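Peer 1: Let me give you the structure first, and then I'll get to my questions.
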Amino acid sequence: MKIAVVFYSFSGNTKRLASFLKKKFGEKKREVDLIELKPVREETVFLKQCMQAFLKRNPELLDVEYDLKNYDMVIFSSPVWAFTFAPCLHSYFKKVKNLEGKQTVLILTYGSGAGTDKALKEMEEVLLGFKTKIIFEAKIPGHKTKNEEYLGEKLKPLIEMV
Ligand SMILES: Cc1cc2nc3c(=O)[nH]c(=O)nc-3n(C[C@H](O)[C@H](O)[C@H](O)COP(=O)(O)O)c2cc1C
């Protein structure tokens, strides 16, 4: 089984989570590629980041693999931004190829917890639009991404499934 983890991370929490998954799946001899989304121009001002997310902007991404044909499972992971998922994921979904029909997983990291259900639902809708089969979902508090024991427990069903 070949797995892609497509993620965006501004302050490192979601990236830490993605690296944890790579390590855990690696222990099970699964092949994992981390596909990190980076905007050409990173917005760093909180309010502008929120506006970008709220308005569902599609920032231009640095060169990245859009064709997922080689993967059996694709994990999408994003921080919650202004009650939705991060703009870079929107940009990716505009150009992604061969996602249709795949097994997908959705993992969000968050701060206060405001808007996490809405963000999850919006990403679910996108993934269902690609006719993917969502096999696992999780919401992880950003500060808990440093706690491998917590991550292991929270993501146990996924790790066991793979
Ligand atoms: C622009 C911006 C907007 C955010 N909006 C929310 C929000 O609506 N709800 C929430 O629970 N956390 C929110 N957060 C907190 C992040 O989701 C949380 O810190 C996340 O783990 C950051 O992931 P990262 O370190 O991978 O960038 C926001 C953070 C930023 C920078």
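Per the numbering used here, residue 57 is the first one in the sequence shown, and the count goes up by one each step. All C-beta atoms in this analysis are idealised placements derived from N, C-alpha and C, irrespective of residue type, glycine included. Computed from a prediction, not measured in an experiment: that's the story for all the values here.
1) Three-state secondary structure (DSSP) at Lys177?
2) Output the boundary residues of the beta strand (DSSP E) element that contains Tyr166.
3) Is Gly185 near ligand 1, going by C-beta to nearest heavy atom under 8 angstroms?
4) Check Met129 in the structure and name its three-state DSSP category.
5) What distance in whole Å lies between the Cβ atoms of Val120 and Thr32, which are believed to be in contact at a cut-off of 8 angstroms?
6) If we count the other Cβ atoms within 10 Å of its Cβ and call it buried at 16 or more, is Phe81 buried or exposed?
7) Is it buried or exposed, Lys125, if we count other Cβ atoms within 10 angstroms and call 16 or more buried?
8) CA-CA distance, Phe132 and Ala170?
9) Within 10 angstroms of its Cβ, does Val88 collect 16 or more other Cβ (buried), or is it exposed?
10) By how many angstroms is the C-alpha of Ala109 removed from the C-alpha of Leu162?
11) Comparing C-alpha positions only, which one of Thr140, Gln105, Lys84 and Lys210 sits nearest to Ile196?
12) Along the alpha helix (DSSP H) that carries Lys80, what are the first and last residues, could you check?
13) Just to confirm, is the Cβ distance from Val218 to Arg86 under 9 angstroms?
Peer 2: Put simply:
1) DSSP places Lys177 in the helix class (H, G or I) of the three-state scheme.
2) Segment Gln159 to Tyr166, the beta strand (DSSP E) holding Tyr166.
3) No, the Cβ of Gly185 stays beyond 8 angstroms of every heavy atom of ligand 1.
4) Three-state DSSP puts Met129 in a strand.
5) Residue 32 lies beyond the residue range present for the chain, which begins at 57 and ends at 218; the question has no answer from this structure.
6) Result: buried.
7) Here Lys125 is exposed, its C-beta having fewer than 16 other C-beta atoms within 10 Å.
8) Rounded to whole angstroms, Phe132 to Ala170 spans 20 angstroms at the Cα level.
9) Buried.
10) Cα to Cα, the separation comes out at about 18 angstroms.
11) Distance from the Cα of Ile196 is smallest, within the candidate group Thr140, Gln105, Lys84 and Lys210, for Lys210.
12) Annotation: the continuous alpha helix (DSSP H) that includes Lys80 extends over Asn69 to Glu83.
13) For Val218 and Arg86, yes; Cβs fall inside 9 angstroms.
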